[in-house]
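Residues 782 to 1347 in this note's numbering are what the sequence shown lists, from first letter to last. What follows is a set of notes on a single structure, which appears directly below.
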Amino acid sequence: MIDRLHTSRRILRACWLPVVAGLALGVPLGAPLEAQRIIGPGADAVTIPRGVFRFGLAAEHTVQRDRWADGALEGLGSAFSGAALGPEKLSLLGPLQQLVRDLGAPNFAASLGAPRLELRQRVFVTPLSVEYGVTDWFTLGVSAPLVRAKSEGMFRVNGDSGRATLGLNPLYAGSAVPGDNRATIDRFSAASTSLAQRRAACQSNPASYPECPTILAELATVDALITGTTQFAGGLATVYGGSGLTGGRPYVPMAGSATELQLLARVDSLRTAFTRYGVGDITPTTGLPLGAQAPLGTADVAALIADSTNGFGARPLTGSAITGFGDLHVTAKLKLFDSFGTASDSRFGAARFGVREALGVDARLGTGIRPAPGDLLDQGTGTGRSALTLRSTTDLILGARLWASVSIAMTQGTESTERLRVPSAPGDALLESWREADVAVTPGRLLDASLAPRWQVNDYIALGASWRWRKKSADAFEVDTTVADPFGAPVTLSGSALAATSGFDVQQVGWYATFSTLSARSSGLRGLAFEVNYSHEQAISSGAGIVPKTWLDRLEIRYYTRLFGR
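Here it is in structure tokens:
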């Protein structure tokens, strides 16, 4: 609540400056405006009188902390959270998982822990608009928003409760670890070499060693032990690395974990087997190379996200910000019917029922900046897609002070080609850089319906409420294909996985208050013709799809004038 109060104060400061400047300039109208009701924000069927300009300046602040997933409310960062960070999310872990299994832990599941992202997103928009009354029944307009989108996140990997089976390899911490690892691995290599020499000696001279009768009687077992131990030493070198060795993966099993206990049990069995044949290179104190000492910390997670070779090749998930112009809108509104005709004074003060109907067209030009694929929290400054919206709006005049607007709109975007990171399953947003592809996108249709009852308290103040329902069909993504990950494993890039989260429906409610001089001017009072609207809108429920739960505050100033005194 305190954040929202501070935000409202910032909006008021941002928008009152132009009002004060306008009053100081004292720019007069060339001629009186037609009398009309206090209009207020939102869709309506009112057209601007012929020859009148309406200039608009607004400040919008939108906050998102949660989202609906098929109607269930969850944290906004849920797409980055939940399932363990294993081979399905990070391809590097797939080969490592198999290496550890081959060492002697057949059920090993590679995991860096359960990721969690606490995310809050803000969008600050300053829409600038100009509208002109071509005739009393036809209005043209254009608007361009300046957008600043900001994301604030705290990303961490929860490694407790056994969820992290891997951690950073201590090899890269320096000190004596590389030398100690090498000494441990060499014991297994030495045991294999020693037994191979004994086998050869026993075959040449059965009396060479006391164990020769056993060795010669169990040659197949001896051969398998030599081969298996050589492979075990090679596997340890590949996973843990050591001084002078080419191996050493970024992550290794946790020290003291169930996986390490399984591997130590194999070391014990190898020592017992070699002792049977008189080979003592594997001593009772021989263990494993040093395992990971702790799950990933905050700095480690940040490095993992940024690493393009062994990580996700993305910007940090701690935050993102972008400033730029959004999508440009060109609008036209045609009044089709007005039961009051041209009787402006009657339209304002009449107590009888009346109806006004208008048809609007909005051409959206995709001038906004799309989210960058390498910035996983980027919101962009607009859709970057062109679209056409048709809107039918009906004003129901219920009396001198009460009226309502009913609006129904349909939006269809144009096809575009976008650079996206493509998942293999729906809902996963933590994706590696090799998943980027150029994707042909066909936007789904958006249905937008709203109801806005309005009450004019007096000649200067109006109050209102709004209910809005938006339903969007899923987009189509042409990208279904199979590619190889950096380690050669086949992976499906699924356009249907993208589509699964692109459709939605959501209900929003809001309220507003307006101060206007327009109706007072219809009574002959002089002064500037302007209105100031403050509105609040928030999402309250959702059905299918992924929908952020938004809180939007908007302060808008609209100034009416006839330029050049005409």
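Backbone N, C-alpha and C fix where the C-beta goes; we use that ideal spot for every residue, glycine too. Quantities reported herein were computed from a predicted structural model and do not represent experimental measurements.
Proximity to Leu947 across Phe1013, Gly1016, Leu884, Ser1038 peaks at Ser1038, based on C-alpha coordinates. Beta-bridge analysis with DSSP links Arg1200 to Asp1219. In this structure the region 1334-1346 does not touch the region 853-862; the number of beta carbon pairs closer than 8 Å is below three. In this chain, the alpha helix (DSSP H) harbouring Val1003 covers 1000-1021. Closest by C-alpha distance to Ala839, out of Pro1329, Val1313, Val1328, is Val1313. Contact check for Ile1242 against Phe1296 passes: the beta carbons are separated by less than 8 Å.
For Arg979, the closest alpha carbon among the candidates Thr965, Thr995, Arg968, Leu909 is that of Thr995. Counting along the chain, Ser1254 sits inside no beta strand (DSSP E), nor does DSSP assign it H or E at all.
Ala998 places its beta carbon 8 Å or farther from that of Met1035. It is roughly 8 Å from the alpha-carbon of Thr1282 to the alpha-carbon of Ala1255. Counting along the chain, the unbroken beta strand (DSSP E) around Ala1294 starts and ends at 1285-1297. Annotation for Ser1205: no alpha helix (DSSP H) segment contains it, and DSSP assigns it neither H nor E. Residue range 919-939 is occupied by the beta strand (DSSP E) that includes Arg937, with no alpha helix (DSSP H) assigned at that position. Each of Leu1201, Phe1013, Ser1322 was checked against the Cα of Gly1068, and the nearest Cα belongs to Phe1013. Per DSSP, Asn962 has no beta-bridge partner at all.
Of the candidates Ala1294, Asp1219, Asn1091, the residue whose Cα lies closest to the Cα of Pro1267 is Asn1091.
Rounded to whole angstroms, the gap between the alpha carbons of Ser1197 and Thr1164 is 11 Å. Taking C-beta atoms under 8 Å as the contact rule, Leu1333 and Gln1319 qualify, at a distance of about 7 Å. Of Val1203, Thr907, Val1136, the smallest CA-CA separation from Ala1278 is found for Val1203.
Between Tyr1293 and Ser1316, the C-beta spacing is below 8 Å. Between Gln902 and Ser932 the beta-carbon gap is near 5 Å, inside 8 Å, which marks them as a contact.
Looking at Glu1217, Cys983, Ile829, Leu1042, the one whose alpha-carbon comes closest to that of Thr1263 is Glu1217.
Proximity to Leu1158 across Ser975, Phe836, Leu900 peaks at Leu900, based on C-alpha coordinates. By the criterion of a C-beta distance shorter than 7 Å, Ala824 is surrounded in its chain by Arg1172, Thr1174, Ser1186, Ser1188, Ser1231, once the five residues flanking it on both sides are discounted. In the structure shown, Pro994 adopts helical secondary structure according to DSSP, grouped into three states.
Sorting Thr974, Gly1029, Tyr1032 by C-alpha distance to the C-alpha of Gly1009 places Thr974 at the top. Per DSSP, Arg1052 is one residue of the alpha helix (DSSP H) stretching across 1039-1057.
When rounded, the separation of the alpha-carbon atoms in Thr1064 and Arg1052 is 7 Å. Separation of Ala1210 and Ala981 (C-alpha to C-alpha, rounded to the nearest whole angstrom) is 58 Å. Counting the other CB atoms within 10 Å of its CB gives Gln1193 a total below 16, which places it among the exposed residues. Judged by DSSP secondary structure, Gln1074 falls outside any alpha helix (DSSP H); it is assigned neither H nor E.
In the assembly as shown, Val1238 is an exposed residue. Its beta-carbon has fewer than 16 other beta-carbons within 10 Å.
With fewer than 16 other CB atoms across the displayed protein chains lying within 10 angstroms of its CB, Gln879 is exposed. A check of alpha carbon separations from Val1222 across Ala826, Val923, Leu898, Arg1151 identifies Arg1151 as the nearest. Shown here, Ser862 sits in coil according to DSSP, grouped into three states, outside any helix or strand. Nearest Cα to Phe1258 within the set Gly1284, Ala1233, Val1272: Gly1284.
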